[in-house]
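This report concerns only the one structure given below.
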Amino acid sequence: MHYDETIYRPPLEANTILLQVTSGCSHNNCTYCGMYKDIKFEMTSLAQIEEDLKELITLNTTIKRIYLLNGDPFSLSAERLKTIALLIKKYLPKCKTISMYASIKGIKTKTIEELRELKSLGIGDLYIGLESGNDEVLKNINKGTTAKETKAQMQRLNEVGIRFFSIIMYGVAGKDKGIANAIDTAKLLNEVKSKGIFPMSLTLVPGTKLHNDYLSGDFKEASELERLIELKTLIENLSLENSTVFSAQHPSNTVPLSGIMPRNKQDLIATLNKVIENTDEESLKSKFARNKIKM
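According to UniProt numbering, the stretch in the sequence shown is residues 1 to 295, in order.
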């Protein structure tokens with residue numbers, strides 16, 4: 001198997017077979033992200049993909065799920081994704097789900113008919129880093145989309161039945177702006193049907209624009225307590241009709257949370273309230289070394 005760079009994958013895919021189909025990220029301009037900063041976005045050749053699949057069948061012919069690398073493979077054309085999916089079906093006929101990271105831009109380039117065809121080939125369980133539902137925040141972090149566009153594209157996925165997970169980032173709005181960000185983000189999440197919601201807390205990565213803005217004073221970082229209040233506000237404002245996984249298990253979270261919304265909503269709020277009411281900022285900082293998190 002060929003993997004030509006550091007591998008990033010969601011925690012839920014920890015035991016999933018990985019197949020590299022791209023390098024880097026097609027956008028690679030988010031101000032907070034340093035994961036693919038010096039990596040050129042390129043497609044893996046079909047010959048290499050097929051070679052990797054041939055290697056896989058010598059190891060395991062019963063694979064039912066596969067995860068495509070790297071930053072946002074769904075940005076590939078529908079035709080390219082179809083070709084890759086058919087290759088997977090050829091060598092791994094028992095594979096039912098082809099999962100990957102996706103961006104709003106990548107979804108937008110596909111027609112409804114193309115999305116339906118991709119779903120029929122097993123493509124689903126997309127991980128979408130929407131980060132925020134606040135347009136000012138989205139602009140400041142150079143996400144390349146708006147809340148309205150995000151909602152529209154996610155609803156198109158809902159229309160064709162492609163499942164997706166929504167990744168959001170609290171703390172990214174900065175000091176004193178978390179409440180407004182939480183309310184707007186919850187509003188967006190209420191208007192789409194995510195299979196799961198995965199919150200993570202902003203970690204400033206040296207070398208990124210946002211970190212440089214922090215050093216210059218242009219970005220004011222939210223305290224750890226502010227972040228927890230923001231996360232609690234998000235949960236309080238979620239009104240989800242369908243059972244939705246809510247998992248704040250990423251290493252960036254000071255308080256790990258996990259539950260099913262709306263069933264466990266009050267339990268999650270109670271957990272956060274307990275920490276907010278009984279822990280001060282210095283205690284949180286001393287127990288949680290954010291600067292040691294690798295992003």
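Don't be surprised by glycine CBs; every beta carbon is placed ideally from N, CA and C.
Between T233 and I179, the beta carbon gap of about 5 Å places them in contact (Cβ cut-off 8 Å). Annotation for I17: L56, N60, I63, R65, I66 and Y67 place their beta carbon closer than 8 Å to its own, counting only its chain and skipping 5 residues before and after.
A residue is called buried when at least 16 other Cβ atoms come within 10 angstroms of its Cβ; K274 does not meet this threshold and is exposed.
Comparing C-alpha distances from I98 to each of L126, S26 and K265 shows the shortest one belongs to L126. Proximity of the segment 81–89 to the segment 126–146 falls short of the contact definition, fewer than three beta-carbon pairs being nearer than 8 Å. Pairing K175 with K105 gives a Cβ-Cβ distance that is not under 9 Å. Sequence-distant partners of S166 (beyond 5 residues in either direction) whose C-beta falls short of 8 Å from its own C-beta, in its chain, are I128, L130, M154, L189, V192, S194, G196, I197 and F198. Rounded to whole angstroms, K82 and K177 show a C-alpha spacing of 42 Å. Note: S23 is bridge-paired with E42 in the DSSP secondary-structure output. DSSP places P93 outside both helix and strand once states are collapsed to three, so it counts as coil.
Fully enclosed beta strand (DSSP E) runs of no fewer than 3 residues occupy 164–170 and 196–201 of the segment 156–212, in order along the chain. Judged by DSSP secondary structure, G106 falls within the alpha helix (DSSP H) whose first and last residues are I104 to K108.
By alpha-carbon distance to G122, the top candidate from P93, G71 and N142 is P93. Inter-residue distance for L69 and E224 is about 32 Å (C-alpha atoms, whole angstroms).
Between the segment 29–39 and the segment 205–220, the count of C-beta pairs closer than 8 Å reaches three or more; the two stretches touch. Checking the DSSP bridge columns, you'll see E131 partnered with I168.
S247 carries a strand assignment under DSSP once its states are collapsed to helix, strand and coil. Taking all protein chains shown into account, L76 has 16 or more neighbouring C-beta atoms within 10 Å of its C-beta and is therefore buried.
Cα atoms of N237 and A14: separation of roughly 30 Å, rounded to the nearest angstrom. Closest option to E281, judged by alpha-carbon separation, among A186, I229, C95 and Q266: I229. In the DSSP assignment, S120 falls within the unbroken alpha helix (DSSP H) covering I112 to S120.
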